[in-house]
Each structure stands twice: as structure tokens, then as C-alpha cells.
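Asks: In our numbering, the protein residues as written are 3 to 81.
All residues carry an ideal CB built from backbone N, CA and C; glycine is no exception.
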Amino acid sequence: MAAKLAATLTALAIFPGDLAAQGQPVETASHIPVALWFIGAGVLGLVLAYGIMRNRRRTRAEKQITEQATKDLYTREKP
């Protein structure tokens with residue numbers, strides 16, 4: 003009997019009294035901004051994947067040319 007009373011009082015304390023009166027959730031905004039975030043993230047992921055794949059296909063000679071051009075640029079920028 004005491005355990006049943008304690009369980010009932012605990013349930014009443016945890017759950018609000020107007021729980022059944024809250025009704026269904028109401029949509030108040032458009033889903034377009036969320037969709038744009040997902041589309042933007044997808045496009046960014048595709049661009050990054052493309053860049054990584056393109057960079058991996060470079061030959062050793064192309065990598066050396068890029069490295070030398072970077073070194074030349076740093077040399078020209080020093081005062």
C-alpha cells in the first residue's frame with residue numbers, strides 16, 4: 003500500500019497536470035532553411051572530395067613544379 007502511494011505521488015510530481023491538454027505539435031516555420039543547410043553541406047563535401055581526388059592524381063613532376071614555385075614565391079616576398 004505504501005509503495006503504491008509512493009509510486010503515485012512520484013508520478014504526479016514528475017508529470018505535469020496539463021500533459022494531455024498540450025495537443026499535437028504545430029509547425030510554425032518553413033523547412034527550406036534546414037534543407038539549404040543540408041544541400042550546402044552536401045555540395046561542400048562533394049567539392050572537397052573532388053579536390054582531394056584531383057590532388058592525388060598529380061604526378062611527381064607536377065608536385066615538384068608546385069613546390070619550386072612556392073619556394074620562389076617565398077624568396078621574392080622576403081625583404
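#1: Could you give the distance in angstroms between the alpha-carbon of I16 and the alpha-carbon of K6?
#2: When you compare only the Cα positions, how much space is there between L14 and Q26?
#3: What number of angstroms, rounded off, separates the C-alpha of K73 from the C-alpha of R58?
#4: Using the Cα positions of A2 and M3, report the straight-line distance between them to the nearest angstrom.
#5: Note down the Cα distance separating R56 from K65, rounded to an integer number of angstroms.
Replies: Taking the definition as stated:
#1: Locating residue 16 in the sequence shown gives position 14, where the first residue counts as 1. Locating residue 6 in the sequence shown gives position 4, where the first residue counts as 1. Cα atoms of I16 and K6: separation of roughly 15 Å, rounded to the nearest angstrom.
#2: The residue you call residue 14 lines up with position 12 of the sequence shown. The residue you call residue 26 lines up with position 24 of the sequence shown. For the pair L14 and Q26, the Cα-to-Cα distance works out to about 22 Å.
#3: On the sequence shown, position 71 is the one that residue 73 refers to. On the sequence shown, position 56 is the one that residue 58 refers to. Roughly 21 Å separates the two Cα atoms.
#4: With the chain represented from 3 up to 81, any question about residue 2 goes unanswered, as that position is not in the structure.
#5: Within the sequence shown, residue 56 is the residue found at index 54, counting from 1. Within the sequence shown, residue 65 is the residue found at index 63, counting from 1. Looking at the two C-alpha atoms, the distance is approximately 12 Å.
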